[in-house]
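Read the structure below first, then the notes.
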Amino acid sequence: MNRWALTAVLSLAATAIAAPPSPLQADQKDPSKPPKIYVVPFGLDGKGQMGTDIHSCIYEKVVKDIKAKKPDLVIISLDSAERGRREYSGAERDSLGERGVNNSEDMRTTLGLFKQDIGDIPQVMWVQDSVGFGTLFALAWPNMYTKSDARLWGLGKIAMQAKSNDHEVERKWLAAHVGISNGFVLSGGHPTVIGSAMMDPERKLSVSFKGRDFDWKDDQSGTFLIDGDPQRVANFDARSAEDFGLSDGAADSLEDLMFQLGYREWDDSLVKNGQDGTKMVGDYIKAWRKVWDESQLALGECQRALQDSGDSKSLSKAKKALETILEGINKYPSVELRWRMSGQSKAQFEAMLKDVKDKMRKKSSSGGSGGSGGMR
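First residue of the sequence shown? That's 1 in this note's numbering, and the numbers climb one at a time after it.
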């Protein structure tokens, strides 16, 4: 080994020896042990729609599992990007059907599960990518890291939802929802002027440094102007989020993240053996999406059956199809939400099923099995 290589090795070794333990390790029940880690995906493998893939119903089960397995560190991996890495046309975006829903009540429920039910376990938010309402989750944890190409975008959707012909109504609605959403920003220990500027295009944002601290301003008087365009909201990428203190650093792998956190060894047995939240969340996403696909096919079957002659056989097919749809709705809130997004509700399907059953009873009581007319 030449002199330069030896010097580099010794330098790295000295750094490793001298590195202080992670502050999170002090919060463990036994700080002397390597932490047992547990990963919880908020979105997985490109499927991270807010309100469906990311829903409190699955995280209730995950948190129950965390309580049983008692890890030392919970890593929440957020992957919820409504916009891909390239621009889509409007038609393409609509066909994807992956636009998230601003269900602040369910999001608060999910946040409470982690902050209250298992708030005694150290937690870290690790953002893979976030475009849309998921960015509220990204900002809701004070210990936040990102992948090097992550985005913290998309909260301007809140202003888009407020659009109204009545400007006063629009401003009141927006102010109320910005206030609600800023609860997530406060949960992460960030000033609300940041959240407001990320949601409301009329808000400005700048920042100055005071020693090692950041002095955020809701005007353009700061040293660095983040957003002064009244037509746009403030957005951050991995670099700017780290530069201005929203994130603690960038990590492109779990190993990178643990080193960034100050750990030099850790217990990843739950992760490697599929005993953390990854399989649980992945199975849930696959299951509800499979039921959603089956429900759409069932609606087609129902429509074809009702367009037939209206005989008992056709009505029976329609009844079975509607029961399949309602079974999926009752089993998965995510399926019900998808139907609502497409303009149809559980109540409508229940009314259709009642109508079909009434027709079947009439045919049964009349003894007829045929007919010349059907629902058109």
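Glycine residues also receive a C-beta, built at the ideal position from the N, C-alpha and C atoms.
Distance, residue j Cα to residue i Cα
{"i": "L73", "j": "G262", "result": "13 Å"}
{"i": "I54", "j": "G48", "result": "6 Å"}
{"i": "T324", "j": "S334", "result": "15 Å"}
{"i": "M341", "j": "R108", "result": "21 Å"}
{"i": "L111", "j": "S364", "result": "52 Å"}
{"i": "M360", "j": "E301", "result": "17 Å"}
{"i": "Q296", "j": "E98", "result": "16 Å"}
{"i": "P230", "j": "L257", "result": "36 Å"}
{"i": "T52", "j": "K33", "result": "37 Å"}
{"i": "K36", "j": "Q275", "result": "12 Å"}
{"i": "F224", "j": "V291", "result": "49 Å"}
{"i": "R171", "j": "S196", "result": "13 Å"}
{"i": "V356", "j": "I329", "result": "19 Å"}
{"i": "A14", "j": "A140", "result": "Model confidence at A14 stands at a pLDDT of 43, short of 50, so the residue's coordinates are unreliable; what they give is reported in the following sentence. If you take the alpha carbons of A14 and A140, they lie about 36 Å apart."}
{"i": "G245", "j": "V185", "result": "13 Å"}
{"i": "K279", "j": "Y332", "result": "18 Å"}
{"i": "D358", "j": "W288", "result": "30 Å"}
{"i": "L205", "j": "Q344", "result": "40 Å"}
Cross-strand partners of residue i (DSSP beta bridge)
{"i": "R151", "result": "D237"}
{"i": "V207", "result": "W216 and F224"}
{"i": "M50", "result": "I54"}
{"i": "I73", "result": "The sequence shown places Leu at residue 73, rather than the Ile named in the question. According to DSSP, L73 bridges with I37."}
{"i": "D267", "result": "K36"}
{"i": "F42", "result": "L78"}
{"i": "A250", "result": "T146"}
Residue nearest to residue i in terms of C-alpha spacing, selected from the options
{"i": "L353", "options": "L306, K363, S240 and S148", "result": "L306"}
{"i": "K317", "options": "K331, A298, G328 and N330", "result": "A298"}
{"i": "N143", "options": "V131, V127, V169 and K157", "result": "V127"}
{"i": "Q116", "options": "K64, N102 and R304", "result": "K64"}
{"i": "H190", "options": "A68, R151, V39 and V207", "result": "V207"}
{"i": "Q220", "options": "R203, A250 and K210", "result": "R203"}
{"i": "D30", "options": "W266, W153, R289 and R212", "result": "W266"}
{"i": "R264", "options": "G156, L270, D358 and L254", "result": "L254"}
{"i": "S247", "options": "S187, F259 and A138", "result": "A138"}
{"i": "D227", "options": "G245, Q161 and V193", "result": "V193"}
{"i": "M160", "options": "D120, N182 and P201", "result": "P201"}
{"i": "K210", "options": "M199, G222 and D218", "result": "G222"}
{"i": "K163", "options": "A351, W173 and L155", "result": "W173"}
{"i": "I158", "options": "R232, S366, K362 and L326", "result": "R232"}
{"i": "G100", "options": "G134, G119 and I76", "result": "G134"}
{"i": "N182", "options": "S148, F214, S104 and R151", "result": "S104"}
{"i": "C57", "options": "R151, L322, D106 and S148", "result": "D106"}
Heavy atom of the ligand FMN within 6 Å of residue i beta-carbon
{"i": "E301", "result": "Looking at this structure, you won't find the ligand FMN or any other ligand, since it has none at all."}
Expected contact under 8 Å - CB spacing of residue i and residue j to nearest Å
{"i": "A238", "j": "A250", "result": "5 Å"}
{"i": "G282", "j": "L113", "result": "No, G282 and L113 are not in contact; Cβ-Cβ is about 19 Å, not under 8 Å."}
Subject >> Ordered list of alpha helix (DSSP H) runs contained in the region 102-144, each at least 4 residues >> reply: 104-112 and 134-139
Subject >> Minimum length 4: unbroken alpha helix (DSSP H) runs contained in the region 279-360 >> reply: 312-331 and 333-341
Subject >> alpha helix (DSSP H) runs contained entirely in the region 145-197, provided each spans 4 or more residues >> reply: 157-161 and 167-187
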